[in-house]
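J.: Chains as they are written, first to last, in this note's numbering: chain A, 1 to 381; chain B, 1001 to 1381. The beta carbon of each residue, even a glycine, is placed where N, CA and C say it ideally should be. Below is one structure. I have some questions about it.
The structure is reproduced here in structure tokens:
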């Protein structure tokens, strides 16, 4: 096992505390000398032979093993519903590996700059591993409700002046000595997320297309890495096209892709209802672009209107309640009509973001009115 | 397959539209002439041979297959985390069977009197099955946020004057002609819930104790039925003691149990933070009492203070975020010190009830203060 730099190609012995290339500052990837496909048990650690640690070293809440649901609307399409993870998002797959690595590295605290799914998931796993979860957030910019889950899981919440970028800078410049950082630049964390590919493979083989919402871009890169490893082992013949989905108001990578530019077009004030992908400067962009390019994939953008419509449609046609960022993947199914089998990765649960829907009710004050109302709801009765 | 009356013992041919004994009005149980243990695939329908329908007839979102997590605090204890179901509670197991039965019975709409997990789950499954979900609720007594999930899944929400009992009466007296009722008296629905026992059995064998929160009392009865069927097939040697947990302010069955009374002591104004078990007149009480008695089990009560403490402790020691009703099972682990292996069934996700925690934060305005704060959070750094 070694760490390889995505930018300059340098290789290093595995180091749980190395987060970027010492030579060029590029992102790192975990590279294995030997992979072993021997699925056993359930969830992420079912794929022990493809992961950097042993099952017995894992801080686990039995994450993964999520539903792969056949679409009732789109032929040959499946929804991989990551909302059914322990804290309600795919982040749990990364955190079981990332937090286990932190523990093995001797950390006594884990830190992230995040307000959302990353913070909630990290807090749950760090607490289970008896390490202190610390989250750094911009003051006054986050609804209290967003912090509920992290706080329940024992997070120490630190507010600072400024924006998210400042929070991340504070963590990286001053936090890493005291606490182990698990933002998505951490290459170990992404290893857990690639198991989405393994589970898809076990249920439907290697699909033709995999559609993934893109914020910081770590997840699509991780899933692509998973499929490449399956191909390397001769298990997948072909590999899927990776389709990245961004919200129109937060589309630094999709815009660059459209224009044929090799670097993202930073968005300074990203704006979308899909908070989990409201990212203007995606940390993992080199990995993300590589995944889409290597796989012969593409980027798609969806509007907030399309996202909300897809959220309702998925809830009502498929029975799956997704957070808006997750619904973005479903929205993309309408836009990209690709041949073959398609899997849409729906990244988080509707309950993560319960304030979107405007609730309407009926009122009746007699059995007669009740029956009349029923007959309008169910014509012919 | 037949329906058997729990009260008078009468037996009837299977009828998807029979909800109580035509002779005595008692609750019904589904009884099989032949059970087949041949697990295949994942989730509830893995146990097709133990269920009343075939997998190909199922309206499914791949529910079940939830984490069984080893406790870090209680030796020989496991947490069965039902919050990791598609709509965030164990109700999904019942609804995949109940809604499939409704579809097979030719229903065009499904109806429940409920505001909580039952309504959310029913709405998701009915919508997926192309039937109209209808929920009946007391006007002015439910926070709008509670209806979010049902509404997202396309529920028609009907408000009436009066209490929950009136809502249920309206459904039963006037609704069942037009729509298929799936409140917990429905014996078909409970068949799905027994698969909790099957999954526990496959992972740790037959445990010595199973702790289950009790509201209407259907779930503990269903899980007990599952273990009895395993024993009947010779798979389990012994059967577990079933431990029912009620909140102090909503304990009609636990109080009766303590006093050695054979019928529940109705609670007219049930009161607890654990809304999912805030039930004063449990519909399934004869089944519930039978499960606890037959199994050599017991009832326990827990206070709201104990429930909230257990919720925080479970989130921070185990990494599992539960709604208060689910945390009641964890609270009971402290109270009942039973020998052998114990499984606590944690029924729903923390995100179902996000308003409990009072969030505290720190504020820093310099890197120095940040480091000082970190050193108080992580002593010795």
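Does the beta-carbon of residue 365/A have 16 or more other beta-carbons within 10 angstroms, so that it is buried, or is it exposed?
T.: Per the 10 Å Cβ criterion, exposed.
J.: What's the C-alpha gap between residue 341/A and residue 1341/B?
T.: Cα-Cα distance, rounded: 44 Å.
J.: Cβ closer than 8 Å: which chain B residues qualify as neighbours of residue 444/A?
T.: Residue 444/A cannot be examined here, being either before or after the span of chain A that is shown, 1 to 381.
J.: What residues in the stretch 1334-1355 of chain B bring their beta carbon closer than 9 Å to a beta carbon of chain A?
T.: Those would be 1349, 1350, 1351, 1352, 1354, 1355, in chain order.
J.: Nearest to residue 1377/B by CA position, among 58/A, 61/A, 179/A, is which residue?
T.: With distances taken between Cα atoms, residue 1377/B lies closest to 179/A.
J.: What are the boundary residues of the beta strand (DSSP E) that residue 333/A is part of?
T.: Where residue 333/A is concerned, there is no enclosing beta strand (DSSP E), although the alpha helix (DSSP H) it sits in stretches over 324-335.
J.: Report yes or no: do the stretch 206-213 of chain A and the stretch 243-262 of chain A share at least 3 C-beta pairs separated by less than 8 Å?
T.: Verdict: yes, contact present.
J.: Leaving aside the five residues before and after residue 32/A along the sequence, list all residues of the same chain whose C-beta is less than 6 Å from its C-beta, in chain order.
T.: 1.
J.: I want to know whether the stretch 1089-1103 of chain B touches the stretch 1118-1131 of chain B - three or more CB-CB distances under 8 Å.
T.: The answer is yes - the stretch 1118-1131 of chain B touches the stretch 1089-1103 of chain B, with three or more Cβ pairs under 8 Å.
J.: Quick check on DSSP: helix, strand or coil for residue 1210/B?
T.: Note: residue 1210/B maps to strand in three-state DSSP.
J.: Do residue 288/A and residue 325/A count as a contact pair if the criterion is CB distance below 8 Å?
T.: Contact flag unset, no.
J.: Would a C-beta distance cut-off of 8 Å place residue 315/A and residue 277/A closer than the cut-off?
T.: Contact flag unset, no.
J.: Hey, residue 1329/B and residue 1346/B are a contact pair by Cβ (cut 8 Å); roughly how many whole angstroms apart?
T.: Rounded, the Cβ-Cβ distance is 5 Å, consistent with contact.
J.: Which residues in chain B sit within 7 Å of residue 373/A, going by Cβ to Cβ distance?
T.: Chain B residues near residue 373/A: 1158.
J.: Hey, is residue 1145/B's beta-carbon within less than 8 Å of any beta-carbon in chain A?
T.: It does; some Cβ of chain A falls within 8 Å.
J.: Given residue 1280/B, which residues of its chain have a CB within under 8 Å of its CB, disregarding the five upstream and five downstream residues?
T.: These residues qualify, in order along the chain: 1250, 1252, 1266, 1267, 1268, 1269, 1270.
J.: Name the chain B residues that come within less than 8 Å of residue 180/A, Cβ to Cβ?
T.: In chain order: nothing, as chain B lies at least about 11 Å away.
J.: According to DSSP, is residue 34/A part of a helix, a strand, or is it coil?
T.: Residue state, collapsed to three classes: coil.
J.: Kindly indicate which three-state DSSP category residue 1046/B falls into: helix, strand or coil?
T.: Correct three-state label for residue 1046/B: helix.
J.: Within a Cβ cutoff of 6 Å, which residues of the same chain sit near residue 1120/B, ignoring the five residues on either side of it in sequence?
T.: Excluding sequence neighbours, residue 1120/B sits near 1087, 1149, 1150.
J.: Helix, strand or coil: how does DSSP classify residue 165/A here?
T.: Of the three classes helix, strand and coil, the one that applies to residue 165/A here is helix, per DSSP.
J.: Closest to residue 161/A by C-alpha separation, out of 1379/B, 1136/B, 1367/B, would be which residue?
T.: Selected option, being the one with the closest Cα: 1367/B.
J.: So what does DSSP say about residue 1097/B, is it helix, strand or coil?
T.: DSSP places residue 1097/B in helix when its eight states are reduced to three.
J.: Could you tell me which uninterrupted beta strand (DSSP E) segments, each at least 3 residues in length, are contained entirely in the stretch 143-203 of chain A, listed from first to last along the chain?
T.: For the stretch 143-203 of chain A, whole beta strand (DSSP E) runs of length 3 or above, ordered along the chain, are 156-160.
J.: Could you tell me which residues DSSP puts in a beta bridge with residue 244/A?
T.: Answer by DSSP bridge pairing, in chain order: 212/A, 299/A.
J.: Three or more beta-carbon pairs under 8 Å between the stretch 1317-1324 of chain B and the stretch 1061-1079 of chain B, yes or no?
T.: Judged by Cβ distances under 8 Å, the stretch 1317-1324 of chain B makes contact with the stretch 1061-1079 of chain B, as three or more pairs qualify.
J.: Using a Cβ-Cβ cutoff of 7 Å, what residues of the stretch 120-144 of chain A are near chain B? List them in chain order.
T.: Residues 124, 125, 127, 128, 132, 134, 139, 144.
J.: Looking at residue 1136/B and residue 1111/B, is the spacing between their C-beta atoms short of 8 Å?
T.: Yes, these two residues count as a Cβ contact at 8 Å.
J.: Would you say residue 1363/B and residue 146/A are within 8 Å of each other, going by their C-beta atoms?
T.: Contact flag unset, no.
J.: I believe residue 1014/B touches residue 1027/B by the beta-carbon criterion, under 8 Å. Please report the beta-carbon distance rounded to the nearest angstrom.
T.: Not confirmed; about 16 Å, so no contact.
J.: Please report the residue range of the beta strand (DSSP E) in which residue 4/A lies.
T.: Run containing residue 4/A: 2-5, per the beta strand (DSSP E) assignment.
J.: Near residue 208/A, what residues of its chain come up, given a Cβ to Cβ distance below 7 Å and the 5 sequence neighbours on each side ignored?
T.: 240, 241, 338, 339, 340, 341, 342, listed in sequence order.
J.: Quick one: list the residues of chain B neighbouring residue 85/A, beta-carbon separation under 8 Å, in chain order.
T.: Chain B residues near residue 85/A: 1084.
J.: Taking all protein chains shown into account, do 16 or more other C-beta atoms lie within 10 angstroms of the C-beta of residue 176/A, making it buried, or fewer, making it exposed?
T.: It is exposed - the Cβ of residue 176/A has fewer than 16 other Cβ atoms within 10 Å.
J.: List the residues of chain A whose Cβ lies closer than 8 Å to the Cβ of residue 1198/B, in chain order.
T.: Those do not exist, as residue 1198/B stays about 14 Å from chain A at its closest Cβ, beyond 8 Å.
J.: Alpha carbon to alpha carbon, what distance is there between residue 336/A and residue 307/A?
T.: Between residue 307/A and residue 336/A, the C-alpha separation is close to 14 Å.
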